[in-house]
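Asker: Residue numbers (this note's numbering): 196 to 490.
The beta carbon of each residue, even a glycine, is placed where N, CA and C say it ideally should be.
None of the values given here were measured: they were computed from a predicted structure.
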Amino acid sequence: MRGKASWCFSYCSNILVMAAPRSIIIDIGKQRHEENAKEDSPTSKKPTGAKLDGRSLLSHWELAVAVSVFLLFCIGLFCVYSTMPAAEYGKIKLPRSISDLRVLKDNLATYAKDYRGQFILGYCSTYIFMQTFMIPGTIFMSLLAGALFGVIKGLVLVVVNATAGASCCYCLSKLIGKPLVNWLWPEKLRFFQAEIAKRREKLLNYMLFLRITPTLPNTFINLASPMVDIPFNVFFLATLIGLIPASYITVRAGLALGDLKSIKDLYDFKTLTVLFLIGSVSILPTILKRKRTYE
Numbered sequence: 196m197r198g199k200a201s202w203c204f205s206y207c208s209n210i211l212v213m214a215a216p217r218s219i220i221i222d223i224g225k226q227r228h229e230e231n232a233k234e235d236s237p238t239s240k241k242p243t244g245a246k247l248d249g250r251s252l253l254s255h256w257e258l259a260v261a262v263s264v265f266l267l268f269c270i271g272l273f274c275v276y277s278t279m280p281a282a283e284y285g286k287i288k289l290p291r292s293i294s295d296l297r298v299l300k301d302n303l304a305t306y307a308k309d310y311r312g313q314f315i316l317g318y319c320s321t322y323i324f325m326q327t328f329m330i331p332g333t334i335f336m337s338l339l340a341g342a343l344f345g346v347i348k349g350l351v352l353v354v355v356n357a358t359a360g361a362s363c364c365y366c367l368s369k370l371i372g373k374p375l376v377n378w379l380w381p382e383k384l385r386f387f388q389a390e391i392a393k394r395r396e397k398l399l400n401y402m403l404f405l406r407i408t409p410t411l412p413n414t415f416i417n418l419a420s421p422m423v424d425i426p427f428n429v430f431f432l433a434t435l436i437g438l439i440p441a442s443y444i445t446v447r448a449g450l451a452l453g454d455l456k457s458i459k460d461l462y463d464f465k466t467l468t469v470l471f472l473i474g475s476v477s478i479l480p481t482i483l484k485r486k487r488t489y490e
């Protein structure tokens with residue numbers, strides 16, 4: 196039991212180490228670098244103790260909510276892992292490369308077969324946690340679903356978990372995400388807001404297009420949707436349906452992990468073209484309506 200508790204703590208720590216999404220870290224680093232460069236300029240005026248127009252990024256209340264929700268998820272994750280049957284814990288860790296994923300798949304194949312229910316619960320909890328807090332690595336989880344459960348079951352598992360995690364991220368962003376989104380992606384947010392304003396009548400079609408195609412990052416869509424007044428029902432439905440094509444490609448690739456060299460191989464020019472063609476079908480009614488209006 197002591198070994199299990201130790202592993203649970205180790206595994207949760209492994210997830211937390213990855214909890215800062217790379218894209219956000221890069222964006223924050225760039226903005227801080229630009230801010231420091233402006234401050235170091237001899238012509239710039241240096242405000243005394245000012246942070247983001249005189250205030251910190253998050254208020255005390257917002258910070259308390261963020262920490263509380265994060266800790267609540269961590270406790271739930273720890274409880275799920277602590278109830279799972281014994282295994283060779285040292286070999287189970289979140290993959291960070293295709294080679295790590297192959298090793299993990301080999302170690303989990305028998306375990307997932309013998310304890311299917313417990314394993315799926317642990318898998319779902321991990322996936323939703325990572326998606327909610329924008330932790331990189333969900334694409335490896337999708338590949339793992341295909342490798343362990345096949346295309347149909349793996350696709351259902353991935354789409355349901357990705358939608359649940361994105362919905363949690365939407366709700367969390369609605370509470371505390373506005374200053375973060377405004378700080379990280381101000382120009383992208385203004386563009387998104389303008390596009391949404393032009394497509395209010397066919398909002399579901401446009402959201403489906405964004406989900407199917409890689410036009411905007413899913414992380415940005417999850418966080419920014421509440422900021423531009425996208426209703427939750429539209430967000431949920433577009434996410435549930437729109438993630439199917441890309442998830443199918445990823446899950447299907449999980450069946451042939453031995454042939455996959457890197458993540459970049461998943462989305463080559465041909466695959467991206469197919470996704471854009473599928474996405475174009477979703478906005479076809481909007482295009483036709485505009486054409487009839489102009490005529």
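#1: Mapping the DSSP letters down to three states, classify SER294 as helix, strand or coil.
#2: By the three-class DSSP mapping on this structure, what secondary structure does LEU472 have?
#3: Whole angstroms is fine: what's the gap from ALA389's alpha carbon to ASN413's?
#4: Let me check understanding here. Comparing Cα to Cα, which of SER320, ILE391, VAL469 and TYR365 lies closest to PRO153?
#5: Should CYS364 go down as buried or exposed, given a rule of 16 or more other Cβ atoms within 10 Å for buried?
#6: Fully enclosed by the segment 341-423, which alpha helix (DSSP H) runs are 4 residues long or longer?
#7: Please state whether the Cβ-Cβ distance between LEU438 and ALA357 is less than 8 Å.
#8: Quick check on the burial criterion: 16 or more other C-beta atoms within 10 angstroms. Buried or exposed for PHE387?
#9: In three-state terms, what does DSSP make of ILE478?
#10: Less than 8 Å between the beta carbons of LEU367 and THR327, yes or no?
#11: Assuming ILE478 contacts ASN428 under a Cβ cut-off of 8 Å, what Cβ separation, rounded to an integer in Å, is found between them?
#12: Pairs of beta-carbons, one from the segment 417-428 and one from the segment 367-377, closer than 8 Å: are there three or more?
#13: For LEU316, which option in LEU384, VAL353 and VAL446 has the closest C-alpha, if you only look at C-alpha atoms?
#14: Mind checking ARG406: buried by the 16 CB within 10 Å criterion, or exposed?
#15: I'd like to check one pair, ALA342 with LEU452: are the Cβ atoms closer than 8 Å?
#16: I need the DSSP call for PHE328, collapsed to helix, strand or coil.
Answerer: In short, the structure shows the following:
#1: Here residue 294 refers to the residue found at position 99 when the sequence shown is read from its first residue. Helix, per DSSP.
#2: Reading the sequence shown from its first residue, position 277 is the one you call residue 472. Residue state, collapsed to three classes: helix.
#3: On the sequence shown, position 194 is the one that residue 389 refers to. On the sequence shown, position 218 is the one that residue 413 refers to. Cα-Cα distance, rounded: 18 Å.
#4: The structure shown has nothing for residue 153, since the chain only spans 196 to 490.
#5: Position 169 of the sequence shown, counted from the first residue, corresponds to residue 364. When all chains shown are included, CYS364 counts as buried.
#6: 346-371, 373-379, 381-393, 398-407 and 413-419
#7: For the purposes of this step, residue 438 is identified with residue 243 of the sequence shown, where counting begins at 1. For the purposes of this step, residue 357 is identified with residue 162 of the sequence shown, where counting begins at 1. For LEU438 and ALA357, yes; Cβs fall inside 8 Å.
#8: Working through the sequence shown from its first residue, we reach residue 387 at position 192. PHE387 is buried by the Cβ-count criterion.
#9: As a first step, residue 478 is located in the sequence shown; it is residue number 283 there, counting from the start. Correct three-state label for ILE478: helix.
#10: Counting from 1 along the sequence shown, the entry for residue 367 is found at position 172. Counting from 1 along the sequence shown, the entry for residue 327 is found at position 132. In this structure, THR327 lies closer than 8 Å to LEU367 by Cβ.
#11: Locating residue 478 in the sequence shown gives position 283, counting from the first residue. Locating residue 428 in the sequence shown gives position 233, counting from the first residue. Not confirmed; about 19 Å, so no contact.
#12: yes
#13: By 1-based counting over the sequence shown, the position of residue 316 is 121. When only C-alpha atoms are compared, the closest one is VAL353.
#14: Mapped onto the sequence shown, residue 406 falls at position 211. Looking at its Cβ environment, which holds 16 or more other Cβ atoms inside 10 Å, ARG406 is buried.
#15: Numbered from 1 along the sequence shown, position 257 holds the residue referred to as residue 452. Numbered from 1 along the sequence shown, position 147 holds the residue referred to as residue 342. Yes, these two residues count as a Cβ contact at 8 Å.
#16: Reading the sequence shown from its first residue, position 133 is the one you call residue 328. Note: PHE328 maps to coil in three-state DSSP.
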